[in-house]
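Beneath this line is the structure, given in structure tokens, with notes to follow.
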Amino acid sequence: MKTVSSLLDEDWYARYKKISKLNIRSSIYDVTNRCNLRCRGCFFFSSGEHKVAKEENDIRKWETFIDKEMERGVNLAILIGGEPTLCPDRVEAFYKRLPTFCASNGLIKLPRDRFPDLMVGISLWGNGEDEKILRGKDTFAVSSKNYEGDKHTYYLYTITPRQIGQTGKIIRKIRDAGLKVHFQLLSNDEGVDGFFWKEEELRDIRSEMDDMLDKYPDTVISSKYYHEIICTGKMLDRPFGWQECPSVTEPLDSRNPKPKRLIHFIRWASDLKTMHRCCTSETRDCSTCKDGAAHMSWVMVNKRAHMRSAKDLQNWIEIYEMFAKLYQFIPW
Ligand code: SF4
Ligand code: SF4
Numbered sequence: 070m071k072t073v074s075s076l077l078d079e080d081w082y083a084r085y086k087k088i089s090k091l092n093i094r095s096s097i098y099d100v101t102n103r104c105n106l107r108c109r110g111c112f113f114f115s116s117g118e119h120k121v122a123k124e125e126n127d128i129r130k131w132e133t134f135i136d137k138e139m140e141r142g143v144n145l146a147i148l149i150g151g152e153p154t155l156c157p158d159r160v161e162a163f164y165k166r167l168p169t170f171c172a173s174n175g176l177i178k179l180p181r182d183r184f185p186d187l188m189v190g191i192s193l194w195g196n197g198e199d200e201k202i203l204r205g206k207d208t209f210a211v212s213s214k215n216y217e218g219d220k221h222t223y224y225l226y227t228i229t230p231r232q233i234g235q236t237g238k239i240i241r242k243i244r245d246a247g248l249k250v251h252f253q254l255l256s257n258d259e260g261v262d263g264f265f266w267k268e269e270e271l272r273d274i275r276s277e278m279d280d281m282l283d284k285y286p287d288t289v290i291s292s293k294y295y296h297e298i299i300c301t302g303k304m305l306d307r308p309f310g311w312q313e314c315p316s317v318t319e320p321l322d323s324r325n326p327k328p329k330r331l332i333h334f335i336r337w338a339s340d341l342k343t344m345h346r347c348c349t350s351e352t353r354d355c356s357t358c359k360d361g362a363a364h365m366s367w368v369m370v371n372k373r374a375h376m377r378s379a380k381d382l383q384n385w386i387e388i389y390e391m392f393a394k395l396y397q398f399i400p401w
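Plus 69 on top of the position in the sequence shown (first one is 1) and you've got the numbering used here.
Set out below in structure tokens:
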């Protein structure tokens, strides 16, 4: 029988031991239904998720709710929205209690005296021109000033087909601002012309991302196996989609047979009562979903399937390490 220790040499086994202790139990929280942008392709607004629940405004109710989430076993809170920085008291209620990650468009700076080591992931959708088309604003110009040199911040760079051949310029700007970057691919939920992926474009961007990781290993937080998974939509020859997705809200998951999934995962709406179907858009077609975190988690929950060879298990370890870095469970 293949075991982890029989597949790995000493160095890889030491890396494996570090992450195998983590036992991460995440859930996702819509901190608010409001945002100071309205990006074309934002899964939250395009699927009408901002209208399904009335925002809870009483901070004490948030605090009680978070305590109950911790009793449920959650040890990583992922804050999204809307724009969480519009509600710093709610962000603080999470941050004071448990490991917390805050997604943001970076236009409002979270004060570091109040949130010294909160991990902030800033969304970026390409160069200034693409950002103006899709988001109405060149957000990088503002966010890179707000967070320059910040040790607890990275860019979540959503790559669009128009970025092929352009990523190096952006990555160098991020490096020069003293920040890190992680990639995902645009799912184009609002069908903006010119932003759909074609097969050959996915091949091109995969090799470009590999190249960027080789050239800028201190700036890019990624792995080549992750690039393969998000660009092909396949893991060990299994296609990604509804039947395989690990990031479905557990109480709403009626799939049969049940795939390997995130234990106790829930995505909560901002009324603290309503649950959304999954980590991303309620209305997205799963066969075209390119959500990076869902693909990453898909690999992570399928360790056993990666124990068919040393290379497969090493790929699994690299993706787990990448996730652990992005959520501050291990250093960059
Ligand atoms: S900044 Fe984020 S939440 Fe706000 S509209 Fe854009 S994608 Fe949506
Ligand atoms: S849209 Fe994506 S994240 Fe949501 S259930 Fe479908 S595959 Fe999973």
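Backbone N, C-alpha and C define an ideal beta-carbon position, used for all residues, glycine too. The structure presented is a predicted model; accordingly, all values stated were derived computationally and were not measured.
- Residues close to ligand 2 by the beta carbon criterion (under 7 Å to any non-hydrogen atom) are, from first to last along the chain, PHE309, GLY310, TRP311, CYS314, SER316, VAL317, ARG346, CYS347, CYS348, THR349, SER350, ARG353, CYS355, CYS358, ASP360, ALA363.
- Every alpha helix (DSSP H) stretch that sits fully inside the stretch 360-401 and reaches 4 residues is listed by chain position as 361-369, 379-395.
- THR236: member of the alpha helix (DSSP H) spanning 236-245, first to last residue.
- Relative to ligand 1, even the nearest heavy atom lies 7 Å or more away from the CB of SER74.
- For TRP131, the closest C-alpha among the options PRO157, GLY151, PHE113 is that of PRO157.
- In terms of CA proximity to ASN215, LYS178 leads the group LYS178, VAL189, GLU200, THR229.
- Less than 8 Å separates the beta-carbon of LEU248 from that of TYR224.
- In this structure, ARG330 keeps its C-beta atom at 8 Å or more from the C-beta atom of VAL368.
- Comparing alpha-carbon positions, the option among SER212, ARG346, ALA146 lying closest to ARG166 turns out to be ALA146.
- For THR222, there is no enclosing alpha helix (DSSP H); the residue is part of the beta strand (DSSP E) that begins and ends at 222-228.
- Remark: the C-beta of GLY151 is in contact range of ligand 1, defined as less than 7 Å to any heavy atom.
- A distance below 8 Å separates the beta carbons of THR236 and GLU277.
- Between PRO320 and PHE170, the alpha-carbon positions lie close to 23 Å from each other.
- The closest heavy atom of ligand 1 lies 7 Å or more from the beta carbon of ARG241.
- About 10 Å separates the CB atoms of LEU77 and MET376; that is not less than 8 Å, and the two are not in contact.
- Distances between the C-beta of PHE114 and the heavy atoms of ligand 1 include at least one below 7 Å.
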